[in-house]
């Protein structure tokens, strides 16, 4: 449940679901997101520009010339989120090639965790992850939770350019770089699968908050010949 | 006449189409984009009798050199911009901002540079013939979303103009006088108490300067380092235009239209809506001061900002 509601500047409402990060809390965030989105789609609320769910926060930005903080706050207080909607979430399998040329940080991770590269991948692959949120760059999924034995901090100096398709890990999370981007996650492989498609106007993002995602290993040959 | 377009003889540094922005997409990681200076964007449209949400061409610092082909249009440029009009007779006219012009076939607009500001806007009567992507004409060059394949304009592109029935010989003008002011008003952020008392005070009392790292995504500032006494990272959460994040190095970053949709740095404050246009126009080397205002004050200031905008818009009737 929402622990606290405050204003983020003069044109956004900040809903705080507490400090913990887990599936249950995040599903609660997502159900608020779904309920609010529905009200916006059905034109039952005016002035909302964007609703951004994250691990344990929900931020609603609005047009100050149409509405204001206290009105949107009241709408949120009145919502009884419908948890049923969450049943529609998909299961998605993502191919990933973990050869050295793609798994940029595997050797370093192996030194750090004292686990073999094979063991690291074994712990990461074939596990169902929950998508907490998408964002930062278009369509980037934040998935979790990864095995406690392979958790690690971000790079001390982030890369200027993480290759598109890179699969990274940090703390309890794993992600996929949908575009080449600066970034500090530890890269363990690369997927040939298109995760975000700006030309697919109806469904640009393959993975959505609440979806279940798992990774499976492919060879370099399969990677090169990948055809969706 | 059909197929009126601008030939791009020089593209300029960062020339894109922009509008009010692309909403309802943050949850997918697609940011709002849109004109950095919303008021000047609207005024440029108004001066050529367009709907206020038509696409305009936004340029930064050095603008484009454009040659009109197959048509005759009205155009206007807003912001603080130095530009020339090269007539068919080869006569060169000094351009004046906040004024509508007639441009004949084969005449050119040479947008030389912005002055003390970063962005300017060009609108044409009828608007530009572009495709909306997710309900917006805005070009997001980081994610390649929007018209022109989401890329800034280059000299290989043509910018097509809609067939306009609204061409007029009447001249529209706005007496625009934005008072330059280096005070940026801010509401305390959700992580304000992450900072030491000393830094909380210095944030609102010391000067900050705009670094070279300033673009449509955001503006990095430098000044007295802000001391974080709780944690230099938060669990990633949503961002908004105007949010001021402070990473571990203690230098604040203000989020602008193309900002990442989520971020993991503590937010010391948020620039009020009424000051976003001015913040976006800051150039490297500018010195600014932050001033704290309450939510209620911010709402009142925004009302006044909207009234001012409406007054300017009404001048162009």
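Residue numbers (the working numbering), protein chains in the order written: chain A, 1 to 228; chain B, 229 to 545. The C-beta atom is built at its ideal place from N, Cα and C for all residues, glycine as well.
Next item on the list: Keeping to the same chain, check which residues put their C-beta closer than 8 Å to that of residue 116 of chain A; ignore five residues upstream and five downstream.
Entry: 110
Next item on the list: Using a Cβ-Cβ cut-off of less than 8 Å, list which residues of the region 137 to 157 of chain A approach chain B; keep chain order.
Entry: 137, 138, 139, 140 and 142
Margin query: Can you look up residue 229 of chain B in the DSSP assignment and give me helix, strand or coil?
Written below: Residue placement at residue 229 of chain B is poorly supported in this model, since its pLDDT is 48, which falls under 50; the coordinates still yield a value, given next. If DSSP states are grouped into helix, strand and coil, residue 229 of chain B belongs with coil.
Margin query: Need the endpoints of the beta strand (DSSP E) that residue 134 of chain A sits in, please.
Written below: 129 to 134
Checklist line | Cross-chain neighbours of residue 487 of chain B in chain A, by beta carbon under 9 Å | finding: Near residue 487 of chain B there are no residues of chain A at all, since even the closest Cβ is about 10 Å away, more than 9 Å.
Margin query: Is there a Cβ of chain A sitting closer than 8 Å to that of residue 439 of chain B, yes or no?
Written below: no
Checklist line | contact_flag[the region 466 to 482 of chain B, the region 491 to 499 of chain B] where n(CB pairs < 8 Å) is 3 or more | finding: Touching, yes.
Item checked: Selection of the region 238 to 256 of chain B by Cβ proximity to chain A, strictly under 9 Å -> 249, 251, 252, 253, 254, 255 and 256
Item checked: Residue range of the unbroken alpha helix (DSSP H) whose run includes residue 420 of chain B -> Where residue 420 of chain B is concerned, there is no enclosing alpha helix (DSSP H), given that its DSSP letter is neither H nor E.
Notebook entry, point to check: With a Cβ-Cβ cutoff of 8 Å, do residue 272 of chain B and residue 304 of chain B count as a contact?
Noted result: Yes, the Cβ-Cβ distance between residue 272 of chain B and residue 304 of chain B is below 8 Å.
Next item on the list: For residue 130 of chain A, verify whether its CB is less than 7 Å away from any heavy atom of the ligand FMN.
Entry: Ligands are entirely absent from the displayed structure, and the ligand FMN is therefore not among its contents.
Next item on the list: Could you check what DSSP says for residue 492 of chain B in three-state terms: helix, strand or coil?
Entry: coil
Check: Under 8 Å between C-beta atoms, does residue 465 of chain B make it to chain A?
Finding: yes
Item checked: Cα-Cα separation between residue 310 of chain B and residue 16 of chain A, rounded to whole angstroms -> Distance between the alpha carbons of residue 310 of chain B and residue 16 of chain A is about 47 Å.
Next item on the list: Indicate whether at least one CB of chain B lies closer than 8 Å to the CB of residue 113 of chain A.
Entry: No, residue 113 of chain A lies away from the interface with chain B (no Cβ there is under 8 Å from its Cβ).
Note to self: Assess contact between the region 450 to 462 of chain B and the region 232 to 239 of chain B, defined as three or more Cβ pairs (one per stretch) separated by less than 8 Å. Is contact present?
What the structure shows: no
Next item on the list: Determine which residues of the region 5 to 27 of chain A have a Cβ less than 7 Å from any Cβ of chain B, and write them out in chain order.
Entry: 6, 7, 8, 9, 10, 11, 12, 14 and 21
Margin query: Here's the rule I'm using: 16 or more other beta-carbon atoms within 10 Å means buried, otherwise exposed. How should residue 255 of chain B be labelled?
Written below: buried
Margin query: Contact defined as beta carbons within less than 8 Å: I believe residue 450 of chain B pairs with residue 433 of chain B. What is the distance between those atoms, to the nearest angstrom?
Written below: Wrong, their Cβ atoms sit about 16 Å apart, outside the cutoff.
Checklist line | Where residue 260 of chain B meets chain A, residues with beta-carbon distance less than 9 Å | finding: 49, 50 and 61
Margin query: If you reduce the DSSP assignment to three classes, tell me which class residue 123 of chain A lands in.
Written below: helix
Item checked: Rounded straight-line distance, which links the Cα of residue 123 of chain A to that of residue 383 of chain B -> 51 Å
Notebook entry, point to check: Do residue 137 of chain A and residue 102 of chain A have their C-beta atoms within less than 8 Å of each other?
Noted result: For the pair residue 137 of chain A and residue 102 of chain A, the CB atoms are not nearer than the 8 Å cut-off.
Next item on the list: Could you round the C-beta distance between residue 131 of chain A and residue 186 of chain A to whole angstroms and report it? I think they count as a contact, below 8 Å.
Entry: Not a contact, Cβ separation roughly 19 Å.
Next item on the list: Mind checking which residues open and close the beta strand (DSSP E) that includes residue 303 of chain B?
Entry: The continuous beta strand (DSSP E) containing residue 303 of chain B extends over residues 301 to 306.
Notebook entry, point to check: What residues in its chain sit with their C-beta under 6 Å from that of residue 7 of chain A, if we drop five residues either side in the sequence?
Noted result: 69
Note to self: Quick check on residue 186 of chain A: does DSSP put it in helix, strand or coil?
What the structure shows: strand
Notebook entry, point to check: Quick one: which chain A residues come within Cβ less than 8 Å of residue 415 of chain B?
Noted result: Near residue 415 of chain B (Cβ distances below 8 Å), the residues of chain A are 7, 9 and 10.
Margin query: If the cut-off is 8 Å on Cβ atoms, which residues from the region 358 to 389 of chain B count as contacting chain A, listed in chain order?
Written below: Within the region 358 to 389 of chain B, those residues whose Cβ lies closer than 8 Å to any Cβ of chain A are, in chain order, 361, 362, 370, 371, 372, 373 and 378.
Notebook entry, point to check: Roughly how many angstroms lie between the CA atoms of residue 403 of chain B and residue 155 of chain A, to the nearest whole one?
Noted result: Straight-line spacing of the CA atoms in residue 403 of chain B and residue 155 of chain A works out to 53 Å.
Notebook entry, point to check: Does any CB atom of chain A fall closer than 8 Å to the CB of residue 508 of chain B?
Noted result: Not closer than 8 Å to any Cβ of chain A, the Cβ of residue 508 of chain B fails to qualify, so no.
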